[in-house]
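Here the protein sequences come in this chain order: A and B. First residue of the first sequence: 745, per our numbering; consecutive thereafter. First residue of the second sequence: 745, per our numbering; consecutive thereafter. For each residue, glycine too, the CB sits at the ideal point set by N, CA and C.
Protein chains: 2
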Amino acid sequence: MESNTTIKKRDSVATRAAILAAAHQRFLRESYDNVGLRDIAGDARVDVALISRYFGGKESLFREVVSNDARPNVFREPQSRAELPAYLARLMAEDEGDDLQERMEMFIIMLRSASSPKAGEIIRDLVHLDILGPLTELIGGDHGALRANMLLAILMGVGVLRTIMMVDDINDVANPDECMARFQGLFEAALSC
Amino acid sequence: MESNTTIKKRDSVATRAAILAAAHQRFLRESYDNVGLRDIAGDARVDVALISRYFGGKESLFREVVSNDARPNVFREPQSRAELPAYLARLMAEDEGDDLQERMEMFIIMLRSASSPKAGEIIRDLVHLDILGPLTELIGGDHGALRANMLLAILMGVGVLRTIMMVDDINDVANPDECMARFQGLFEAALSC
DNA sequence: TTCGCAAGTCAATAGCTGTTGATTTAAATT
DNA sequence: AATTTAAATCAACAGCTATTGACTTGCGAA
C-alpha cells in the first residue's frame with residue numbers, strides 16, 4: 745500500500761503537473777510579462793531550473809498552458825446557433841463553482857497576455873483556429889464571420905472590463921438573472937443583424 | 745528673425761514635447777512593459793536620462809500620455825443618448841485621416857497596457873472617472889450603468905479583437921458602410937435592453 | 001566679457017529576468 | 001549490494017531594465 749499522506753518526491757510527472765497548474769493560476773491573475781518563472785516555481789514548490797528543463801522555456805510553458813485549456817473548447821459545446829445566446833449569457837454569469845467558469849478562464853488568460861510579443865503570437869493563432877473558426881462555422885449563413893466577431897468582441901469586452909479594468913457593476917442589477925437576460929438579448933441582436 | 749529650418753537645441757519645452765509624442769506613438773503600438781525608456785528616447789532623439797528628469801519616471805510619463813489624450817474625451821462629444829449609436833459606429837469605422845481616429849487611439853493605448861500593475865491602476869481610474877461616468881450620465885434612465893458597460897464592452901472588445909488579436913475580417917463585409925450599420929444596430933440593441 | 005543657471009551628456013548603479021552547466025541525491029535496475 | 005539512470009539542487013551567467021549622480025556644455029543676463 746502506497747501512503748497518500750506522504751509528499752511524493754522525485755516524481756517527474758507530478759512536478760510537471762504542479763508546474764503546469766501553478767503556471768495556469770499565475771497567468772490567470774497576471775500578464776505573461778509580469779509572471780516570473782521564479783513565481784511559478786515558488787507556487788509549485790519546485791526549483792526554477794526545472795521549468796526550463798521540463799518545458800524548454802517560458803514561452804513553451806505558456807503555450808502548453810493555453811493549449812491544454814483550449815480543449816474542451818468554449819465554442820465546441822453549443823450544438824446549434826439557436827442555443828448560442830443563452831449559452832454565452834450563461835458563460836458570462838460566472839456563478840462560483842459553475843462548470844462554465846473554468847471555461848472562461850482561458851479567456852482571461854488570453855486577454856491578460858495578449859499584448860506581449862511572444863504570448864500574443866500564440867494567442868492569436870488560438871483565437872483564429874480554435875475559437876473564431878468553429879464559431880463562424882456554427883453560426884453560418886450570411887456574414888457568419890462578422891457575427892462571430894461580434895459575439896467574440898462582446899465576450900472579450902466584458903472580460904476586459906470586468907476582470908482587467910475591474911469594473912464590478914456589470915452585474916450590479918438587483919436581479920443577476922435579469923442581467924443575464926439582457927446580455928442574452930444583446931447576443932441575439934448580434935446574431936440577427 | 746528666428747530661423748525655422750535650424751534644429752532647435754537647448755529648448756526644454758520642445759524636448760519635453762518630443763518625448764511625449766514619441767511615448768504616445770510607442771505606447772500605441774506596444775504595451776507598457778514592452779516599451780523601454782531607451783526606445784522612446786531614441787525616437788525623440790534625446791538622452792534617456794532626460795525622461796526621468798522631466799517626467800519623474802516611466803510611470804509618470806505614461807500617466808501624462810494618457811491624461812493628455814483623455815481630453816478631448818471620447819464620450820464628451822455626443823450630446824444626447826439618441827445620437828450615441830451612430831457616433832460609436834462611426835468611431836469604430838476608423839477611416840484613415842478621420843478626426844475620430846485619434847480619439848480611438850486612447851482606447852488602444854489603454855487596452856494595450858491594461859494588464860500591467862503600474863499602468864493598469866492609472867487606466868482603471870481613467871475608465872471610471874473619464875469614460876464610464878460621463879457615459880452613464882449621458883445614457884441615464886433605468887440601468888444606465890449597465891448599458892454604459894455594455895457599450896464600452898463592445899467598443900473594447902472590438903478594439904482588442906482588431907488591434908491586439910489582429911483579427912482583420914471585422915470590416916470584411918463587401919460594403920464597409922454596411923458593417924458600420926450593423927454595429928450601429930448592435931449599439932442600439934444595447935441601449936434598448 | 002563674465003558669470004550663473006539651466007539643458008544636455010555620460011557612466012555607473014542595483015535589481016530584475018530567463019537560461020544553463022555542473023553537482024548532488026535518490027530511486028530503480030542488474 | 002553495486003551500479004546506472006533520472007530528478008532535483010545550486011550557483012552563476014549574460015542581458016536587460018529604470019534611475020541617479022556627477023560632469024560638461026551652451027545660452028542669456030548682468
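Identify which residue in the options has its Cα closest to the Cα of residue i.
i      : options                        : result
A/L876 : B/A933, B/Q769, B/A863, B/V911 : B/V911
B/K808 : B/P878, B/V792, B/I898, B/M854 : For the record, residue 808 of chain B in the displayed sequence is Glu; it is not Lys. Nearest option by C-alpha distance: B/M854.
A/A762 : A/V790, A/F931, A/L781, A/R782 : A/V790
B/L896 : A/N893, A/G901, A/L896, A/L895 : A/G901
B/E849 : B/C937, B/D755, B/A933, B/F771 : B/F771
B/E774 : A/P861, A/C937, A/V792         : A/P861
A/C716 : A/P920, A/E922, A/I883, A/N919 : With chain A represented from 745 up to 937, any question about residue 716 of chain A goes unanswered, as that position is not in the structure.
So, for residue i: in the same chain, excluding its five sequence neighbours on each side, which residues have a beta-carbon less than 7 Å away from its beta-carbon?
i      : result
B/L844 : R834, L835
A/G903 : F851, I852, L855
B/I795 : I763, L781, I784, A785, L805
A/F927 : A833, M836
Express the C-alpha separation of residue j and residue i in angstroms, rounding to a whole number.
i      : j      : result
A/I784 : B/T880 : 40 Å
A/F806 : B/A863 : 23 Å
B/S824 : A/T759 : 59 Å
A/H872 : A/L935 : 19 Å
A/H887 : B/G801 : 48 Å
A/M924 : A/Y831 : 10 Å
B/D869 : A/T907 : 14 Å
A/Q769 : A/N812 : 13 Å
B/P822 : B/L899 : 15 Å
By the 10 Å Cβ neighbour count, where 16 or more other Cβ atoms means buried, how is residue i classified, buried or exposed?
i      : result
B/N778 : buried
A/N893 : buried
A/A826 : exposed
B/R891 : buried
A/A930 : Reading off the sequence, residue 930 of chain A comes out as Leu, not Ala. It is buried - the Cβ of A/L930 has at least 16 other Cβ atoms within 10 Å.
A/Y776 : buried
B/S756 : exposed
Give a yes or no on whether the minimum CB-CB distance between residue i and chain B is below 8 Å.
i      : result
A/D787 : no
A/I921 : With the sequence shown as reference, residue 921 of chain A is identified as Asp, and Ile is not the correct amino acid for it. No, A/D921 lies away from the interface with chain B (no Cβ there is under 8 Å from its Cβ).
A/V810 : no
A/P878 : no
A/L873 : no
A/D913 : yes
A/I898 : yes
A/G901 : yes
A/P861 : yes
A/G888 : no
A/G929 : yes
A/I883 : no
A/L855 : yes
Could you check whether the Cβ of residue i sits closer than 8 Å to any Cβ belonging to chain A?
i      : result
B/S775 : yes
B/A933 : yes
B/G801 : no
B/V779 : no
B/V904 : yes
B/M848 : no
B/R782 : no
Just to confirm my understanding: we take residue i, look at its own chain, exclude 5 residues before and 5 after, and list those with CB closer than 8 Å. What are they?
i      : result
B/L905 : V911, I914
A/E932 : P829
Is the closest heavy atom of the ligand NAD to the C-beta of residue i under 7 Å?
i      : result
B/R868 : The ligand content of the structure shown is nil, which means the ligand NAD is not present either.
Can you give me the Cβ contacts of residue i inside the same chain, cut-off strictly under 6 Å, excluding the 5 residues immediately before and after it?
i      : result
A/A889 : T880
B/A858 : G864, I867
A/A788 : A762, I763, A766
A/E803 : K862
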